[in-house]
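Enquirer:
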Amino acid sequence: MLSRSSIIFVCFGMLARAATVTYDFNITWVTANPDGVFIRPVMGINGQGPIPYITATVGDRVVVNVLNQLGNASTSLHFHGLYMNGTSHMDGPVGVTQCSIPPGITFTYNFTVDQPGTYWYHSHEPGQYPDGLRGPMIITDPNSPYRGSYDEERILTISDWYHEQFPTMVKKFISVSNPTGAEPVPKAALFNDTQNLTTLVQPGKTYMFRIINMGAFASQYFWIEGHNMQIVEVDGIYTQEAAADMIYLTAAQRYSVLVTTKNDTSANFAYVASMDEDLFDKAPRSLNPNVTGWLVYDSSANLPKPALLDAFEPFDDFTLVPTDGEPLLPDPDYYVPLTVLMMNLGDGANYASFNSIPYTMPKVPTLYSALTTGEEANNPAIYGTNSNAFVLEKNQIVDIIVNNNDPGKHPFHLHGHNFQAIVRSDDDAGNYIGNETFPTIPMRRDTFMVRPNGNIVLRFRADNPDKSPPFPPSIPPLS
Ligand SMILES: [Cu+2]
């Protein structure tokens, strides 16, 4: 349910048109069978699962009226990749910027979007989004540097799929009976929440595919047989065109790629996403890690089976160059060293930790503590012993150093900012020791993978908020 109303305002002598885009979302349980072998309850919106896309144009105000009618679960929505600069209380993570939305209660998200690109929105109640509350969010840009370089857009989500509901799986995952912390292995991979997807294309045209990994756990390799991809955007940042035969998307990463179709319509071509099985401790033999779709030139021609690959050689995103040419930020004022370690605690279960501190959600959301404690807000201790709080000063340049002391690959995501990815080591490089030379124009994105027993360094400016909220702050009172 979408309604648009327009406000016209004058800025810098130019006439700009900004719309308000309103979505009324009634969240309920529905049933779905996306992999064709198991019908199960999923979280839907307005009776629909998969859930609707959110679309807006740069400059628009987005209003999402949420009514939680799940009955048996609280929820929230996060708009992944949006900086929420000046409206961090609209970001969505439960325990950080808001309380859960209990069953029967409404909550309105209201923010402006001033960044173009490919995003997604999802529940930010712990462990909930893989049960269905995840969908694309696209911010179109009349001033895109690639406007005119393509004829049409297509949205392609990639995800992993489970048959059990997440609350049940999480109980088994974090338990004394799983002391190694082996993650639940998905049952299937999906394109646009289905399998055997067909994408009708016309010859001699260029399509921009907005590709989103909205999976729970699995990273995915993606390629198109017989076609080359030109990467033009990662996580909302335009990049200089970079040719790729295959890309790799961790959970939560996005790419826009240009694909030019052939002039000949005699054959159809498979595209494939393949879950990175390195992540699975023990995958059953019956697991098909691949999902296949087709570029269909001729709907009466057959849909060929994709070829099996000997090895995966994805494009290295570290080499991408943003089109805005933003140079390496100055040397940092502050370092946030984070060591990733999986640990068994007193209950015998396995927990992920930063600096040996596993996260426990505070009873009072972190943002509420920050806004209600006066001078004490600068004391990291008030945010709780298990929240790993670091207090930054406005406009500091910050280096987050992630040392992965675990043999698994882990995506790392920062809310409220993108970051310059200035170091990514190979596997088994150990902890960061600071002898690297940094790229002069680093790649930027909001989600980045650290390799097994390796390290990454992410640099950003602490500029959120960089201005007062555009409207009187509307933090709801503590209940
Ligand atoms: Cu996010």
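With mature numbering (1 follows the signal peptide of the UniProt record, and there is no 0) applied, the sequence shown corresponds to residues -18 to -1, 1 to 461, in that order. The beta carbon of each residue, even a glycine, is placed where N, CA and C say it ideally should be.
Indicate the three-state DSSP secondary structure (helix, strand or coil) for SER141 in the structure shown.
Expert: strand
Enquirer: With DSSP run on the structure shown, which of helix, strand or coil describes HIS71?
Expert: helix
Enquirer: Between which residues of its own chain and LEU302 is the CB-CB distance below 7 angstroms, once the five residues before and five after are set aside?
Expert: Annotation for LEU302: ILE213, VAL216, THR221, ALA224, MET425 place their beta carbon closer than 7 angstroms to its own, counting only its chain and skipping 5 residues before and after.
Enquirer: Cβ-heavy atom distance between HIS62 and ligand 1 below 7 angstroms?
Expert: yes
Enquirer: For TYR317, count neighbouring C-beta atoms within 10 Å of its own C-beta (all shown protein chains included) and say buried if the count is 16 or more, exposed if not.
Expert: It is exposed - the Cβ of TYR317 has fewer than 16 other Cβ atoms within 10 Å.
Enquirer: Quick check: is any heavy atom of ligand 1 less than 7 angstroms from the C-beta of HIS392?
Expert: no
Enquirer: On a CA-only basis, which of ASP428, ARG441, VAL432 is nearest HIS62? Give me that one, please.
Expert: ASP428
Enquirer: For LEU49 versus THR88, is the C-beta spacing smaller than 8 angstroms?
Expert: yes
Enquirer: Thinking C-beta only, is LEU261 closer than 8 angstroms to ALA200?
Expert: yes
Enquirer: Just to confirm the assignment: which complete alpha helix (DSSP H) runs, minimum length 4, are found wholly within the segment 397 to 451?
Expert: As far as the segment 397 to 451 is concerned, it has no whole alpha helix (DSSP H) run of at least 4 residues.
Enquirer: With C-beta atoms as the reference, is ASN270 less than 8 angstroms away from LEU323?
Expert: No, they are not a contact pair.
Enquirer: Let me confirm a value: PRO168 is counted as buried when at least 16 other C-beta atoms fall within 10 Å, else exposed. Which label applies?
Expert: buried
Enquirer: List the whole-angstrom C-beta distance separating ARG443 from ASN377, where the pair is believed to meet the contact cut-off of C-beta under 8 angstroms.
Expert: 6 angstroms
Enquirer: Got a sec? Which residues, its chain only, sit under 6 angstroms from MET196 by beta carbon, not counting five neighbours each side?
Expert: TRP102, ARG116, THR139, SER141
Enquirer: Is it the case that the CB of HIS395 approaches a heavy atom of ligand 1 more closely than 7 angstroms?
Expert: Inclusion of HIS395 in the 7 angstroms shell around ligand 1 follows from its C-beta lying nearer than that to a non-hydrogen atom of the ligand.
Enquirer: Roughly how many whole angstroms lie between the Cα atoms of ALA293 and ILE193?
Expert: 22 angstroms
Enquirer: Does residue 518 come out as helix, strand or coil in the three-state DSSP assignment?
Expert: Residue 518 is absent from the model: the chain starts at -18 and stops at 461.
Enquirer: Is the distance from the Cβ of ILE438 to the Cβ of ARG406 below 8 angstroms?
Expert: yes
Enquirer: Cutting at 8 angstroms between CB atoms, please list the residues of its own chain near ALA289, excluding the five before and the five after it.
Expert: Exclusion of the five residues before and after ALA289 leaves GLU207 as the residues of its chain whose Cβ lies within less than 8 angstroms of its Cβ.
Enquirer: With DSSP collapsed to three states, give me the class of GLY53.
Expert: coil
Enquirer: Note the first and the last residue of the continuous alpha helix (DSSP H) segment covering MET151.
Expert: 148 to 155
Enquirer: Beta-carbon separation of PHE394 and PHE420 under 8 angstroms?
Expert: no
Enquirer: Residues in the same chain with beta-carbon distance under 8 angstroms from ASP445, minus the five sequence neighbours each way, listed in chain order, please.
Expert: ASN67, LYS376, ASN377, HIS399
Enquirer: Take PRO32 and list the residues in its own chain whose beta-carbon comes closer than 6 angstroms to its own, dropping the five residues that flank it on each side.
Expert: ASP175, listed in sequence order.
Enquirer: Looking at the strands, I want to know which residues DSSP matches up with GLN30.
Expert: Beta-bridge partners assigned by DSSP to GLN30: ILE27.
Enquirer: So, using beta-carbon positions, are GLY275 and LEU182 closer together than 8 angstroms?
Expert: no
Enquirer: Name, in chain order, the residues that DSSP records as bridge partners for MET228.
Expert: TRP205
Enquirer: Please state the DSSP three-state secondary structure of GLY390.
Expert: coil
Enquirer: Determine the DSSP secondary structure at SER(-14), reduced to helix, strand or coil.
Expert: Summary for SER(-14): the model assigns pLDDT 46, below 50, so the residue's position carries little reliability; its value from the coordinates is reported in the next sentence. Strand at SER(-14).
Enquirer: Rank GLY130, THR39, ILE404 by C-alpha distance to the C-alpha of VAL95 and give the top, closest one.
Expert: Considering only alpha carbons, the answer is THR39.
Enquirer: Excluding five sequence neighbours on each side, which residues of the same chain lie with their C-beta closer than 6 angstroms to the C-beta of residue 465?
Expert: Lying outside -18 to 461, the shown extent of the chain, residue 465 is not represented and no answer is given.
Enquirer: Is the CB-CB distance between VAL45 and ASN8 below 8 angstroms?
Expert: For VAL45 and ASN8, no; Cβs fall outside 8 angstroms.
Enquirer: List the endpoints of the continuous alpha helix (DSSP H) containing THR355.
Expert: Counting along the chain, THR355 falls outside any alpha helix (DSSP H), and DSSP gives it neither H nor E.
Enquirer: Could you tell me how far apart the beta carbons of MET25 and GLY99 are, in whole angstroms, since I believe they sit closer than 8 angstroms?
Expert: MET25 to GLY99, Cβ: 25 angstroms. No contact.
Enquirer: With DSSP as the reference, identify every bridge partner of THR100, one or two as the case may be.
Expert: ILE120
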